[in-house]
Every structure is written in structure tokens, then in C-alpha cells.
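Each residue of the sequence shown is one higher than the last, beginning at 1 in UniProt numbering.
Note that the Cβ used here is the ideal one computed from N, Cα and C, for glycine as well.
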Amino acid sequence: MSMRFNKWASNWIEENIPPGANTDIETYEARAKRLMNEMFAEATAVNFTDFEIKEEWSRIAPLVLAAVSDTTEFDVDAYALKTLLANEHEDGD
1 MSMRFNKWAS NWIEENIPPG ANTDIETYEA RAKRLMNEMF AEATAVNFTD FEIKEEWSRI
61 APLVLAAVSD TTEFDVDAYA LKTLLANEHE DGD
């Protein structure tokens with residue numbers, strides 16, 4: 001098992017597949033396949049061997065599909081507002 005590739009792939013998924021970013025234009029499976037191909041190209045470009053990539057491919061594919069299928073929507077503005085309100089209540093304002 002290539003832990004180096006596994007860690008790199010996990011970081012790649014976090015950076016390239018934000019929650020709720022999938023549109024209805026593309027199925028989850030099609031998007032996961034396309035992103036796996038992009039990941040493979042980038043992994044090769046940063047000098048991972050074919051052996052490392054193929055060894056972890058079956059473990060990484062479900063992670064990509066799960067990330068693509070995540071429909072969680074994170075509202076940054078609502079989070080910022082809740083944080084401000086929480087801080088105001090702590091200060092006693």
C-alpha cells in the first residue's frame with residue numbers, strides 16, 4: 001500500500017471536489033470517472049509511479065465517488081453570521 005499516494009489523493013479530493021459542487025448536467029459516476037482521470041494525470045505529473053497509482057486505484061475510486069455524491073451545501077455567509085452572533089453573545093453585548 002502506498003501511503004504517500006493515498007495521502008496525496010485524499011488532499012487532491014479535498015482541494016478539487018467541494019461538497020455540493022456537482023451540477024445535474026453530469027451523473028455522479030461520470031463525474032467521478034472524469035475526475036479520476038484528471039487525478040491520474042496529475043499523479044503522473046508529480047512523479048508517482050504507475051505501480052503506486054494502480055495499487056491504490058481501487059481504494060481511491062470509492063472516495064472520489066463519495067466526494068462527488070456529497071450534496072451537502074455549506075453556506076459561508078450563514079456560518080460567518082452565526083459566528084458573529086456567537087461572539088457578540090460571549091462578549092455580553
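Closer than 8 Å to chain B by CB, residue i
| i | result |
| --- | --- |
| Arg59 | Absent from the structure: chain B. Only one protein chain is present. |
Cβ-based burial, residue i [other Cβ within 10 Å; buried from 16]
| i | result |
| --- | --- |
| Ala67 | buried |
| Arg34 | exposed |
| residue 95 | The requested residue 95 does not occur in the structure, where the chain is confined to residues 1 to 93. |
| Tyr79 | exposed |
| Ala86 | exposed |
Extent of the continuous alpha helix (DSSP H) run through residue i
| i | result |
| --- | --- |
| Thr44 | 28-45 |
| Pro18 | Run containing Pro18: none; DSSP gives neither H nor E here. |
| Ser69 | 50-69 |
Nearest-angstrom Cα separation, counted from residue j out to residue i
| i | j | result |
| --- | --- | --- |
| Glu29 | Leu65 | 7 Å |
| Lys82 | Pro18 | 21 Å |
| Glu15 | Glu88 | 32 Å |
| Glu42 | Met36 | 10 Å |
Check whether residue i and residue j have beta carbons under 8 Å apart
| i | j | result |
| --- | --- | --- |
| Phe48 | Phe5 | yes |
| Glu38 | Ser2 | no |
| Leu84 | Ile13 | no |
Next on the checklist: Whether or not the stretch 46-61 and the stretch 6-21 are in contact is what I'm after, with contact meaning three or more pairs of Cβ atoms, one per stretch, closer than 8 Å; do they touch?
Outcome noted: Yes, the stretch 6-21 is in contact with the stretch 46-61.
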